[in-house]
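J.: Numbered by numbering that gives the first Met the number 0, the letters in the sequence shown go through residues 0 to 220 in order.
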Amino acid sequence: MRTTMLMWCMHTRTVKIPYPLLCACALLTSWWHALNTRMCCTNLPSPAQRTRRITQMAMRALSGVRLGLRTLGAPACRLPWRASSARSLATGSHLLSARKFTDKHEWILVENGVGTVGISKFAQESLGDVVYCGLPEVGTKLKKLEEFGTLESVKAASELFSPLTGQVTEINVALADNPGLVNQSCYDEGWLIKLTVDEPSELDDLLTEDAYKKYVKSLEE
0 MRTTMLMWCM HTRTVKIPYP LLCACALLTS WWHALNTRMC CTNLPSPAQR
50 TRRITQMAMR ALSGVRLGLR TLGAPACRLP WRASSARSLA TGSHLLSARK
100 FTDKHEWILV ENGVGTVGIS KFAQESLGDV VYCGLPEVGT KLKKLEEFGT
150 LESVKAASEL FSPLTGQVTE INVALADNPG LVNQSCYDEG WLIKLTVDEP
200 SELDDLLTED AYKKYVKSLE E
């Protein structure tokens, strides 16, 4: 019955037969011819032996057919690295779009209700090599655009202004011994302070990365 149904499906439509199924069919055919040849010999096995042999061959052939049918119906394999790459790209894009800027060249990145503040690449390049970072104490409460510190370089000094209203929860203590981190990694290791975000709606007043780029370009023209 299984063989008849398989042949009917093959005649009614064109299907791609996988290699395991072809092997199973070929093996079943060869065993069937071998069995007929043996049964024509004078030394025939007993009825019980013939039954066991036929059963064994049928089960082996059926296993091959099942393997082939599973291959036919198997879903396409997914490439994990593609999904992983897509998640990585989406995450990076989200973090980048979450970074906001002020027109005084500070940036803030909010994660889990805490904002990390630093200065932009344009600001650190304009300032030159930073030699001193004057930062507030932890616990200091700041208003939006309130001055909270100073950066000094070999050629200039620049005040720092808070992008949002909040309370300072952490300062970058590494800048005390290595203020040059502001130049080397202004968006990462050269961050300045972290503060709570008391007025989330104030984020809407800040510049997106694209808007900030246009603003900087207008200053350079």
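Note that CB positions come from ideal geometry on N, CA and C, so glycine has one too.
Let's test the definition: count the other Cβ atoms within 10 Å of the Cβ of Y131 and tell me whether it reaches 16, buried, or not, exposed.
T.: By the neighbour-count rule (16 or more Cβ atoms within 10 Å), Y131 is not buried but exposed.
J.: Just curious, the alpha helix (DSSP H) that L108 is in, first and last residue?
T.: No alpha helix (DSSP H) holds L108; the beta strand (DSSP E) holding it covers 105-110.
J.: Express the C-alpha separation of L218 and V116 in angstroms, rounding to a whole number.
T.: Distance between the alpha carbons of V116 and L218: 22 Å.
J.: Name the one or two DSSP bridge partners that C221 has.
T.: The structure shown does not extend to residue 221, since the chain is modelled only from 0 to 220, so the question has no answer here.
J.: With DSSP run on the structure shown, which of helix, strand or coil describes L206?
T.: In this structure, L206 counts as strand in the three-state DSSP scheme.
J.: Are the stretch 159-179 and the stretch 142-151 touching by the rule of at least three beta carbon pairs closer than 8 Å?
T.: Short answer: they touch.
J.: How many angstroms separate the CA atom of G165 from the CA atom of L194?
T.: Straight-line Cα distance between these residues: approximately 6 Å.
J.: Could you give the residue range of the alpha helix (DSSP H) that holds V181?
T.: Taken as a continuous stretch (DSSP letters only), the alpha helix (DSSP H) holding V181 covers 180-183.
J.: When the Cα atoms are used, what is the spatial distance from G138 to A97?
T.: C-alpha separation (whole angstroms): 25 Å.
J.: With DSSP as the reference, label L159 as helix, strand or coil.
T.: It is a strand residue.
J.: With a threshold of 9 Å between beta carbons, is L159 in contact with chain C?
T.: Structure shown: chain C not included; a single protein chain is present.
J.: Give the straight-line distance between the Cα atoms of T149 and E188, rounded to the nearest whole angstrom.
T.: So the alpha carbons of these two residues sit roughly 18 Å apart.
J.: Could you pull the start and end residues of the beta strand (DSSP E) that L194 belongs to?
T.: Unbroken beta strand (DSSP E) run through L194: 192-195.
J.: The alpha helix (DSSP H) that contains N124, what's its start and end?
T.: Residue identity check: residue 124 is Glu in the sequence provided, not Asn. Unbroken alpha helix (DSSP H) run through E124: 120-126.
J.: Beta-carbon separation of L202 and T101 under 9 Å?
T.: Not closer than 9 Å, so no.
J.: Thinking L126 and A155 are a contact (beta carbons under 8 Å), I'd like their distance in whole angstroms, please.
T.: Correct: roughly 6 Å between the Cβ atoms.
J.: Any idea what DSSP makes of V172, helix, strand or coil?
T.: Residue state, collapsed to three classes: coil.
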